[in-house]
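Residue numbers (this note's numbering), protein chains in the order written: chain A, 78 to 377; chain B, 78 to 377. Where is the CB? At the ideal position from N, CA and C, for every residue including glycine. Here the structure is laid out as structure tokens; the discussion comes afterwards.
2 protein chains.
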Amino acid sequence: MTFPCQSSFTTILSMQVLDHPAELRARLTASLSAGARVGFVPTMGALHAGHLALVEASRAQTDLTVMSIYINPAQFAAGEDFSRYPRDFDRDLSLAADAGVDILFKPDDEVMYPSGTDAQQVWVDPGALGDKLEGAHRPGHFRGVATVVAKLFNMVRPEAAFFGQKDAQQSIVIRRLVRDLALPVQIEVVPTVREDDGLALSSRNVYLSPEQRKEAPAIFRGLQAAGQAFDAGERRPRAIVDEVKAELGRGAPSASVEYVALTDYETLDPYPETVDTPALLSLAVRFGSTRLIDNIPLLP
Amino acid sequence: MTFPCQSSFTTILSMQVLDHPAELRARLTASLSAGARVGFVPTMGALHAGHLALVEASRAQTDLTVMSIYINPAQFAAGEDFSRYPRDFDRDLSLAADAGVDILFKPDDEVMYPSGTDAQQVWVDPGALGDKLEGAHRPGHFRGVATVVAKLFNMVRPEAAFFGQKDAQQSIVIRRLVRDLALPVQIEVVPTVREDDGLALSSRNVYLSPEQRKEAPAIFRGLQAAGQAFDAGERRPRAIVDEVKAELGRGAPSASVEYVALTDYETLDPYPETVDTPALLSLAVRFGSTRLIDNIPLLP
Numbered sequence: 078m079t080f081p082c083q084s085s086f087t088t089i090l091s092m093q094v095l096d097h098p099a100e101l102r103a104r105l106t107a108s109l110s111a112g113a114r115v116g117f118v119p120t121m122g123a124l125h126a127g128h129l130a131l132v133e134a135s136r137a138q139t140d141l142t143v144m145s146i147y148i149n150p151a152q153f154a155a156g157e158d159f160s161r162y163p164r165d166f167d168r169d170l171s172l173a174a175d176a177g178v179d180i181l182f183k184p185d186d187e188v189m190y191p192s193g194t195d196a197q198q199v200w201v202d203p204g205a206l207g208d209k210l211e212g213a214h215r216p217g218h219f220r221g222v223a224t225v226v227a228k229l230f231n232m233v234r235p236e237a238a239f240f241g242q243k244d245a246q247q248s249i250v251i252r253r254l255v256r257d258l259a260l261p262v263q264i265e266v267v268p269t270v271r272e273d274d275g276l277a278l279s280s281r282n283v284y285l286s287p288e289q290r291k292e293a294p295a296i297f298r299g300l301q302a303a304g305q306a307f308d309a310g311e312r313r314p315r316a317i318v319d320e321v322k323a324e325l326g327r328g329a330p331s332a333s334v335e336y337v338a339l340t341d342y343e344t345l346d347p348y349p350e351t352v353d354t355p356a357l358l359s360l361a362v363r364f365g366s367t368r369l370i371d372n373i374p375l376l377p
Numbered sequence: 078m079t080f081p082c083q084s085s086f087t088t089i090l091s092m093q094v095l096d097h098p099a100e101l102r103a104r105l106t107a108s109l110s111a112g113a114r115v116g117f118v119p120t121m122g123a124l125h126a127g128h129l130a131l132v133e134a135s136r137a138q139t140d141l142t143v144m145s146i147y148i149n150p151a152q153f154a155a156g157e158d159f160s161r162y163p164r165d166f167d168r169d170l171s172l173a174a175d176a177g178v179d180i181l182f183k184p185d186d187e188v189m190y191p192s193g194t195d196a197q198q199v200w201v202d203p204g205a206l207g208d209k210l211e212g213a214h215r216p217g218h219f220r221g222v223a224t225v226v227a228k229l230f231n232m233v234r235p236e237a238a239f240f241g242q243k244d245a246q247q248s249i250v251i252r253r254l255v256r257d258l259a260l261p262v263q264i265e266v267v268p269t270v271r272e273d274d275g276l277a278l279s280s281r282n283v284y285l286s287p288e289q290r291k292e293a294p295a296i297f298r299g300l301q302a303a304g305q306a307f308d309a310g311e312r313r314p315r316a317i318v319d320e321v322k323a324e325l326g327r328g329a330p331s332a333s334v335e336y337v338a339l340t341d342y343e344t345l346d347p348y349p350e351t352v353d354t355p356a357l358l359s360l361a362v363r364f365g366s367t368r369l370i371d372n373i374p375l376l377p
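Here is the structure:
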């Protein structure tokens with residue numbers, strides 16, 4: 078996996094960097110008047126090829142791509158890695174410019190939470206969807222995600238927004254947000270980008286020690302093994318989940334498994350007996366203090 | 078109080094009636110491209126002169142006024158008057174057209190709650206503000222209000238929206254909603270329109286029996302008496318509230334007082350000892366099964 082790290086003054090100059098919604102609005106109003114379709118790629122920075130695939134999808138489907146970089150404190154639970162989340166704006170700037178982002182929106186906390194996150198009164202509550210899977214392990218995470226995405230959508234007002242399959246539950250919550258709040262945004266989910274050995278790209282991979290990095294590909298191997306069992310006709314949820322756990326036990330002995338779950342893709346509810354709808358096979362594992370997630374869809 | 082009940086075919090023809098967000102969006106996009114500022118007056122129909130004052134304010138400040146009529150089931154608590162809430166669309170149509178509404182948006186339940194209100198997962202949660210005053214007596218009311226207003230804002234995308242002072246807490250919740258979710262809408266609050274005897278106009282006034290209607294002006298007399306005491310220097314919350322209660326006791330013996338509250342205008346918190354910030358004096362009373370609210374601001 079290589080990154081287009083080299084950048085030139087010119088490509089950065091062709092990308093506008095804006096930090097205030099009013100500037101953004103003025104810039105976009107001009108483009109909209111000219112009939113441009115706006116695509117939006119929200120990120121927390123620490124860009125990798127997964128983010129760049131979102132930009133590529135946006136550029137293919139829209140006329141003008143806005144990327145935001147904002148590390149949203151409200152989606153980190155207490156004790157999570159907010160303070161040490163990787164930050165390298167200069168590198169992000171160059172990657173975004175080279176990828177063809179037209180506008181990089183980089184709001185600060187004052188813009189996103191004018192009263193501070195503690196004084197925010199009105200939240201977008203994702204309901205039961207936000208309490209399942211990741212939400213069960215990260216209290217308040219999806220309330221933070223849904224609220225910040227609603228805010229960013231209100232600032233950018235894109236026609237389409239692009240999210241990665243790796244954060245499957247996030248996309249499901251956001252699709253529901255868009256539907257339930259009548260937001261006129263099309264949500265596009267882009268396949269997970271992986272290293273050659275199958276590890277899903279994540280800004281958190283940089284936390285892994287060399288030994289952990291060697292074990293981490295067992296995550297995707299486990300998902301693939303389960304997917305093969307499913308394709309061969311296995312429909313018992315427990316048996317499918319056990320395929321993943323067995324591979325993790327073999328290939329990633331130092332990982333602790335937070336959950337491996339097989340759920341309906343829309344409701345995120347588990348199956349009592351048989352997988353009989355489009356399903357999401359998802360997991361979270363910890364290597365020390367580093368928490369990684371991954372998933373694959375299982376389509377009957 | 079007279080209504081402009083007469084209407085002509087012509088005036089109704091000059092107002093467009095739309096029931097689908099896509100039609101609305103197409104119509105508004107054309108106007109926005111021409112540089113029009115869009116004003117929005119959300120209503121539940123049963124229009125009276127209070128609503129028409131909102132239209133007048135919108136026409137004075139914007140180029141194109143959209144009124145919505147939608148009786149939002151999600152803002153009625155169990156046992157409230159959802160099923161018997163007054164409905165007279167033909168009359169509303171003629172009043173709106175005569176008042177100069179440009180577009181009447183009349184979505185149905187299918188448009189507003191495509192999954193049904195029971196299956197709505199994502200809600201706009203107004204937090205503590207929604208649990209005070211009216212919220213304490215109407216569980217879930219402001220969650221329903223905040224959610225439907227967010228939806229309507231997303232459909233209409235107005236530059237300014239107009240609300241009545243009579244529903245003071247509603248305006249406070251919506252101002253906060255707009256701020257906390259970064260909605261680019263200016264919220265304008267228009268003074269309460271009253272009958273000659275002081276009764277605040279309300280779609281629910283039609284429920285009052287002739288006897289109750291005679292007593293109801295004691296509500297505003299009580300608020301005025303308290304306002305005069307405040308203007309004369311009274312700052313003890315209890316003494317100010319008691320002025321209202323005394324007048325209600327004298328003038329509206331058949332009413333039962335649900336609450337009379339003196340609170341900070343922004344936080345809606347009561348004062349322990351002294352009114353020392355801009356304040357809201359608000360109340361709810363019941364005449365039989367009819368619940369009326371009213372308020373005045375008290376500004377030191």
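Exercise. Listing by chain order, which chain A residues have their CB less than 8 Å from the CB of Asn231 (chain B)?
Worked result: Leu258, Ala259, Leu260, Pro261
Exercise. Is the CB of Arg368 (chain B) under 9 Å away from at least one CB in chain A?
Worked result: no
For this session: Could you check if Thr120 (chain B) is buried or exposed, using at least 16 other CB atoms within 10 Å of its CB as the buried criterion?
Result: buried
Exercise. Three-state secondary structure (DSSP) at Asn231 (chain B)?
Worked result: helix
Exercise. So which residues of chain A does Lys228 (chain B) contact, with C-beta pairs closer than 7 Å?
Worked result: Leu258, Ala259
Problem set entry | Under 7 Å by beta carbon: chain A residues contacting Ala205 (chain B) | Gln198
Problem set entry | Under 9 Å between C-beta atoms of Ala323 (chain A) and Gly304 (chain A) | no
Problem set entry | DSSP-derived helix/strand/coil call for Asn372 (chain B) | strand
Exercise. Using the beta-carbon count (16 or more within 10 Å), is Asp185 (chain B) buried or exposed?
Worked result: exposed
For this session: Could you pull out every residue in the same chain whose Cβ sits closer than 7 Å to the Cβ of Ile373 (chain A), ignoring the five residues on either side in sequence?
Result: Leu300, Gly304, Leu358
Exercise. Taking DSSP as the reference, what is the three-state secondary structure of Pro287 (chain A)?
Worked result: helix
For this session: Helix, strand or coil for Thr224 (chain A), going by three-state DSSP, please let me know.
Result: helix
Problem set entry | Residue-level contact to chain A via CB, Met189 (chain B), 9 Å cutoff | yes
Problem set entry | Nearest-angstrom Cβ-Cβ length linking Val178 (chain B) and Met144 (chain B), presumed shorter than 8 Å | 5 Å
Exercise. For Thr106 (chain A), does the count of other Cβ atoms within 10 angstroms reach 16, so buried, or fall short, so exposed?
Worked result: exposed
Problem set entry | Beta-carbon neighbours of Arg102 (chain A), restricted to chain B and to distances below 9 Å | Pro261
Problem set entry | Simplified DSSP assignment, three categories, for Leu365 (chain A) | Contrary to the premise, residue 365 (chain A) reads as Gly rather than Leu in this sequence. Reduced to three states, the DSSP call for Gly365 (chain A) is coil.
For this session: At 8 Å on the CB atoms, spell out the chain A contacts of Ser110 (chain B), in chain order.
Result: Ser110
For this session: Measuring alpha carbon to alpha carbon, tell me which of A:Leu95, A:Arg104, A:Phe166, A:Val132 ends up nearest Ala238 (chain A).
Result: A:Val132
Exercise. When the Cα atoms are used, what is the spatial distance from Phe364 (chain B) to Glu292 (chain B)?
Worked result: 9 Å
Exercise. Since Ser145 (chain A) is in the beta strand (DSSP E), which residue starts that stretch and which ends it?
Worked result: 141–146
Problem set entry | Arg315 (chain B) in three-state terms, based on DSSP | helix
Exercise. Would you call the region 190–203 of chain A and the region 124–131 of chain A touching, i.e. three or more CB-CB distances under 8 Å?
Worked result: no
Exercise. Where do the N-terminal and C-terminal ends of the beta strand (DSSP E) with Glu100 (chain A) fall, by residue?
Worked result: Unbroken run through Glu100 (chain A) is the alpha helix (DSSP H), 98–110; no beta strand (DSSP E).
Exercise. Do we get a CB-CB distance below 9 Å when we pair Pro81 (chain A) with the residues of chain B?
Worked result: Only weak support exists for where Pro81 (chain A) lies, its pLDDT of 45 falling under 50; the coordinates are left without a value.
Exercise. How many angstroms separate the CA atom of Asp308 (chain B) from the CA atom of Ala361 (chain B)?
Worked result: 23 Å
For this session: Give a yes or no on whether the C-beta atoms belonging to Lys243 (chain A) and Thr340 (chain A) are separated by under 9 Å.
Result: no
Problem set entry | alpha helix (DSSP H) segment containing Val188 (chain B), residue limits | 186–189
For this session: For Pro377 (chain B), I'd like the list of residues in its chain whose CB is within less than 6 Å of its CB, leaving aside the five on either flank, ordered along the chain.
Result: none
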